[in-house]
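Last residue of the sequence shown: number 459 in the numbering used here, and the count goes up by one each step with no gaps. Worksheet: the structure to be examined is printed underneath.
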Amino acid sequence: MQKILMVCLGNICRSPLAQGILESKVNSKKVMVDSAGTAAYHVGNLADKRSIEVAKKYGIDITNQRARKFVVKDFDEFDIIFAMDDSNYQNILSLARNKEDEQKVRMILNEIEPNKNLSVPDPYYGGNQGFENVYKMLDEACNVIVSNLS
């Protein structure tokens with residue numbers, strides 16, 4: 310089974326959406342998807358209501374997810390770790406123990422814009438349109454991820 314982890318800052322906006330979107334596109338018997346945050350601000354909390362709402366709009370239920378913090382053990386548990394932005398990418402890499410760990414970490418938007426290291430904007434302080442925009446970016450990236458899965 311292939312295991313993929315989506316990571317943002319608080320694990321309540323971007324990474325829960327990415328998890329839900331990718332889960333909706335893969336065979337759950339072949340691919341397991343989870344999400345985490347590099348900060349522990351929201352551990353145990355539901356995703357932001359605006360993430361839940363935009364996911365629901367597209368037929369995806371993310372209400373069973375709870376925020377958790379990224380931990381070093383995640384390098385052992387997951388094959389690919391997608392960071393939502395450069396800050397989270399650097400935070401994840403700072404916990405890497407070796408080159409093998411480092412090679413698992415990728416910027417998610419490089420799936421659609423290779424080598425540009427673009428960030429998924431954090432919609433937390435914005436309005437509902439920010440969540441819609443983030444959904445569309447992540448949906449496009451997840452389509453490419455699915456097409457690249459072995």
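Idealized CB from N, CA, C, for every residue including glycine. Please read all numbers here as calculations on a predicted model, not as lab measurements.
Inside the region 399 to 455 only - beta strand (DSSP E) runs reaching at least 3 residues:
Within the region 399 to 455, the complete beta strand (DSSP E) runs of at least 3 residues are 414 to 416.
Whole runs of the beta strand (DSSP E) within the region 327 to 378, excluding any shorter than 3 residues
The DSSP assignment places complete beta strand (DSSP E) segments of no fewer than 3 residues inside the region 327 to 378 at 340 to 346, in order along the chain.
For the candidate residues S456, K413 and T372, whose alpha-carbon lies nearest to that of E362?
That would be T372, whose Cα lies nearest to the Cα of E362.
How many whole angstroms separate the CB atoms of N400 and T347, which I take to be in contact at a CB cut-off of 8 Å?
About 4 Å separates the two Cβ atoms, so the contact holds.
In this structure, how does DSSP classify F387 when only helix, strand and coil are distinguished?
Looking at F387 - three-state DSSP - the assignment turns out to be coil, as it is neither helix nor strand.
Span of the beta strand (DSSP E) holding I321?
Counting along the chain, I321 falls outside any beta strand (DSSP E), and DSSP gives it neither H nor E.
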